[in-house]
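Undergrad: Quick one: the structure is below, questions incoming.
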Amino acid sequence: MLGLALGLLIGGPLAVVLLVLAGLLVGHQVDELNLLPSGTAEPEKNGKPVDTRSPQELAAQDHFARHLCALFIEVARADGDVVRDEVRVVREYFEQRLKYGPEALGLVRRYLKEHLARPPSLEHAAGACRDELPASERMLLLDALYGLALVDGHLHRAEQDTLRRVSQGLGLSEEEFRSVTARHFGDGQVHYARLGLTPEASDADVKRAFRQLAATHHPDRVANLGKGAVEQASRRFQEIREAYEEILRLRGK
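Residues 28 to 280, numbered by our numbering, are exactly what the sequence shown covers, in order.
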């Protein structure tokens, strides 16, 4: 096209022909040197992309998906039946985080159904995922499982226990477990302050502070001071108990 344009500008049929030929020659050389993108497409068969991974790579994905689905199912049914929103969270994790395509997502659906019919071993599944994932990805997995547990807006005790077991099975430390928990619930600074503590306090420190404050502010201790004193002590006692229970929840206890 450039050769034709130059030829027309110069004028004369000979100039047009020569410059068009020169343009064709130069364009061919550019293509040969790959200076222009070739736009090669993925291999296809019958109009569909062909998976070019080796049998070993496909088997590894199959193995990982099976055990990962087991963890999702165990957390999802910790508080009862698996609901539609929980299935959506699982699908989004595989689709968005792991970039699974339609065929691989079909594999996920199959494993989810299998695990619903036959309960898997949580410890075995967590151990398999621990072997497959680096620590950072294991924390992201635990974070996704927290999101699954909180689909209904509440974290039940059975879900807390299951998440802690998953964390231990994944080989995460107590600090890593708490950091993931804090992402969803905060670090509980206010609750610790009510007990005169900081988030660095040990479990034993938390229990000791709660018992001491609960004994000090129990309404029965001020019953002889009248109704107003009892009401004030009751409010303080309730705050102390709620702070203690929230700290236990933050720590997955």
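We treat Cβ as the ideally placed atom computed from N, Cα and C, and that holds for glycine.
1. Using the Cβ count rule (16 or more neighbours within 10 Å means buried), how would you classify D106?
2. Considering only the alpha carbon of each residue, which of Y271, S261, G279, I274 lies closest to E201?
3. Helix, strand or coil, according to DSSP, for Y336 in the structure here?
4. Considering Y271, what are the terminal residues of the alpha helix (DSSP H) in which it resides?
5. Ends of the alpha helix (DSSP H) at E202?
6. By alpha-carbon positions, which one of L85, D112, R157 ends up nearest to L98?
7. Taking all protein chains shown into account, do 16 or more other C-beta atoms lie within 10 angstroms of the C-beta of L85, making it buried, or fewer, making it exposed?
8. Enumerate in chain order the residues of its own chain whose CB-to-CB distance from S65 is below 6 Å, with the five nearest sequence positions on each side excluded.
9. Does the region 169-180 come close enough to the region 110-123 to have 3 or more Cβ pairs within less than 8 Å?
10. Quick one, which of L277, L240, G253, A250 has its alpha-carbon nearest I267's?
11. Indicate whether H244 and A152 have their beta-carbon atoms separated by less than 8 Å.
12. Quick one: is R221 buried, meaning 16 or more other Cβ sit within 10 Å of its Cβ, or exposed?
13. According to the neighbour-count rule (16 or more other Cβ atoms, all chains shown, within 10 Å of its Cβ), is A236 buried or exposed?
14. Could you tell me which whole alpha helix (DSSP H) segments of length 4 or greater appear in the region 94-167?
15. Can you have a look at V110 and say buried or exposed, based on whether 16 or more other CB atoms are within 10 angstroms of its CB?
16. From L275 to Q83, what does the alpha carbon distance come to, in whole angstroms?
17. What number of angstroms, rounded off, separates the C-alpha of G223 from the C-alpha of E101?
18. Using 8 Å as the threshold, is the C-beta distance between L139 and R192 below it?
19. Candidates D247, E258, P161, D230: which alpha carbon is nearest G198's?
20. Use the C-beta contact count for V217: other C-beta atoms within 10 angstroms, 16 or more gives buried, fewer gives exposed.
21. What does the alpha-carbon distance come out to for the pair R137 and A87?
22. For V249 and A270, I'd like the C-alpha separation in whole angstroms.
23. Alpha carbons only, please: which of R145, D188, F91 is nearest the one belonging to A131?
TA: From the atom records:
1. The residue you call residue 106 lines up with position 79 of the sequence shown. Under this definition D106 is a buried residue.
2. Position 174 of the sequence shown, counting from 1, holds the residue named residue 201. Comparing Cα positions, the closest option is G279.
3. Since the first residue shown for the chain is 28 and the last is 280, residue 336 is missing from the structure and cannot be characterised.
4. Here the question's residue 271 lines up with position 244 in the sequence shown. From DSSP, the alpha helix (DSSP H) with Y271 extends over 254-277.
5. Counting from one through the sequence shown, the residue named residue 202 turns up at place 175. First-last of the alpha helix (DSSP H) with E202: 201-212.
6. By 1-based counting over the sequence shown, the position of residue 98 is 71. Considering only alpha carbons, the answer is R157.
7. Numbered from its first residue, the sequence shown carries residue 85 at position 58. Its Cβ having fewer than 16 others within 10 Å, L85 is exposed.
8. To locate residue 65, count along the sequence shown from 1; it is residue 38. Bear in mind that a pLDDT of 39 at S65, under 50, signals an unreliable position, so the number given afterwards is only what the model happens to contain. Cβ neighbours of S65 beyond the five flanking positions: none.
9. yes
10. Residue numbering aside, residue 267 sits at position 240 when the sequence shown is read from its first letter. Measuring from the Cα of I267, the nearest candidate turns out to be L240.
11. Indexing the sequence shown from 1 puts residue 244 at position 217. Indexing the sequence shown from 1 puts residue 152 at position 125. No.
12. Start at 1 with the first residue of the sequence shown, and residue 221 comes out as number 194. Buried, because 16 or more other Cβ atoms sit within 10 Å of the Cβ of R221.
13. The sequence position of residue 236 within the sequence shown is 209, counting from 1. Burial call: buried.
14. As far as the region 94-167 is concerned, its whole alpha helix (DSSP H) runs of at least 4 residues are 111-119, 129-144, 149-159.
15. Position 83 of the sequence shown, counted from the first residue, corresponds to residue 110. Exposed, by the Cβ-count rule.
16. As a working mapping, residue 275 is identified with position 248 in the sequence shown. As a working mapping, residue 83 is identified with position 56 in the sequence shown. Their backbone Cα atoms lie some 44 Å apart in a straight line.
17. Taking the first residue of the sequence shown as position 1, residue 223 is located at position 196. Taking the first residue of the sequence shown as position 1, residue 101 is located at position 74. In this structure, the CA atom of G223 is about 37 Å from the CA atom of E101.
18. Position 112 of the sequence shown holds residue 139. Position 165 of the sequence shown holds residue 192. Going by C-beta atoms, L139 is not nearer than 8 Å to R192.
19. In the sequence shown, counting from the first residue as 1, residue 198 sits at position 171. Measuring from the Cα of G198, the nearest candidate turns out to be P161.
20. Locating residue 217 in the sequence shown gives position 190, counting from the first residue. V217 is exposed by the Cβ-count criterion.
21. For the purposes of this step, residue 137 is identified with residue 110 of the sequence shown, where counting begins at 1. For the purposes of this step, residue 87 is identified with residue 60 of the sequence shown, where counting begins at 1. The straight-line gap from Cα to Cα measures roughly 16 Å.
22. By one-based count along the sequence shown, residue 249 stands at place 222. By one-based count along the sequence shown, residue 270 stands at place 243. One C-alpha to the other measures close to 22 Å.
23. By 1-based counting over the sequence shown, the position of residue 131 is 104. It is F91 whose Cα lies nearest to the Cα of A131.
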